[in-house]
């Protein structure tokens, strides 16, 4: 009976030492060692709480260190558990359930840390693969700037959906939206340009060609298609476009599948496929990656502008439904699709600051403006009118602008058609 009590006490003290290092050592009279272990544990705990409470994205700046720290902590913590058991266990304890219980405690603390290290490792691969390396740091490291936006009141990012089909060379940028974000408040305006704008103001670009061909035309000319598209869209809107992010639509479908699908309300039956072999029935339904791709891609029995509305609907639904549990369940598949199908010129050092900005964007107002008929005639766009509407949407004072090459007399400034489709 006494032996059983000693065994239960040893297991209880080992469990207590798992939660607060050093308890078993203090119980057995090893006070200095116990207090040292407790001090280390409390220091680590307070540091973690401080970082999570005040700088939750700090770890993202050095994911490689997070991986190493997670593995090291898992090994040390398991070692403390075993050490605690060895100093407190009854002398006559045999192999069996007690040792299994101690091993279970080691797995209980090591498994989450190992998984977190794995997530950090995969995240580090994504950041290193997708985002561009920063300029080499000077020999004397400068302190981290308080303002990561370098005084910019707005951050303008071109979001591009590219469609690279098997039956044609190159890629077409069929979805082009500039997200203009107030870096202080998070208030955002989305400016969407239709793929079929003509007379695009690019030297040497065919007048009859469409805006969605600029990217591939630049690549064919030996230039950076992404940089050319970014500057072209910026010239059209009268904005300095800071960065771009482009996703191949095949990768978008894989991301949807990794999330377990997305729920949208389909207003009308959507037919898709070269031979009309696909159909998405009207109603509220859960779409897989392929169906979601066609929901935002199909123009059968519709047009570019209805498709733009569905794309906006789909992006909003994905953003709303991408909860942390879904992302964690499909994290590695999402990361794999991101590495293969997403490209950007956003520097790695800016990623944590963008994540810090995200909650502000979600809580603030988001408005959108689509430059579609009857506001804009796609075959003969009024570039000056587009710039004026952008300035108005951003709350800027409209001022005279120099006539853009190939600009024609202004079209009547009718209200844009409503492209908003509910995904509720």
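Residue numbers (our numbering): 95 to 518.
Here a beta-carbon is modelled for each residue, glycine too, at the ideal position from N, C-alpha and C.
Residue 288 has no beta-bridge partner at all, per DSSP.
Of the candidates 155, 216, 320, 404, the residue whose Cα lies closest to the Cα of residue 265 is 320.
Taking all protein chains in view, the Cβ of residue 489 is surrounded by fewer than 16 other Cβ atoms within 10 Å, so the residue is classified as exposed. When the beta-carbon positions are compared, residue 340 and residue 387 stay at least 7 Å from each other. Beta-bridge annotation (DSSP): residue 441 is paired with 226. Inter-residue distance for residue 257 and residue 306 is about 10 Å (C-alpha atoms, whole angstroms).
Counting every other CB atom within 10 Å of its CB across the protein chains shown gives residue 289 a total of 16 or more, marking it as buried. In the structure shown, residue 116 adopts coil according to DSSP, grouped into three states.
It is roughly 24 Å from the alpha-carbon of residue 409 to the alpha-carbon of residue 442.
Proximity of the region 167 to 180 to the region 102 to 121 meets the contact definition, three or more beta-carbon pairs being nearer than 8 Å. Residue 214 places its beta carbon less than 7 Å from that of residue 160. Residue environment for residue 211: buried (at least 16 other C-beta atoms within 10 angstroms of its C-beta). Separation of residue 444 and residue 153 (C-alpha to C-alpha, rounded to the nearest whole angstrom) is 13 Å. With fewer than 16 other beta carbons inside 10 angstroms of its own, residue 158 counts as exposed. With a cutoff of 7 Å on beta-carbon distance, residue 384 and residue 347 are scored as near each other. No Cβ-Cβ contact shorter than 7 Å links residue 355 with residue 431. The straight-line gap separating the alpha-carbon atoms of residue 301 and residue 293 is approximately 4 Å. Of the candidates 146, 126, 116, 119, 146 places its Cα closest to the Cα of residue 450. In the pairwise beta carbon analysis, the region 114 to 123 is classified as not touching the region 389 to 409: fewer than three pairs are separated by under 8 Å. Distance from the CA atom of residue 136 to the CA atom of residue 427, rounded to whole angstroms, is 36 Å.
With fewer than 16 other CB atoms across the displayed protein chains lying within 10 angstroms of its CB, residue 456 is exposed. In the DSSP assignment, residue 340 is bridged to 254, 437. Here residue 367 carries a coil assignment [DSSP, helix/strand/coil]. Counting along the chain, the unbroken beta strand (DSSP E) around residue 273 starts and ends at 266 to 276. Look at residue 374 here: in three-state DSSP terms it is strand. Using a C-beta cut-off of 8 Å, the region 127 to 144 makes no contact with the region 192 to 207, since fewer than three inter-stretch Cβ pairs fall below that distance.
Sixteen is the threshold: when 16 or more other Cβ atoms of the shown chains lie within 10 Å of the Cβ of residue 269, as they do, the residue is buried. Of all alpha-carbon atoms in 227, 328, 358, the one lying nearest the alpha-carbon of residue 253 is that of 328.
The C-alpha of residue 462 lies about 19 Å from the C-alpha of residue 476. With contacts defined by Cβ atoms closer than 7 Å, residue 286 and residue 271 form a contacting pair.
By alpha-carbon distance to residue 104, the top candidate from 170, 163, 182 is 182.
For the pair residue 220 and residue 331, the CB atoms are not nearer than the 7 Å cut-off. At the C-beta level, residue 312 and residue 304 stay beyond 7 Å of one another. The residue among 473, 206, 357 with its C-alpha nearest the C-alpha of residue 412 is 357. By the neighbour-count criterion, in which 16 or more other beta carbons inside 10 Å mark a residue as buried, residue 194 falls on the exposed side.
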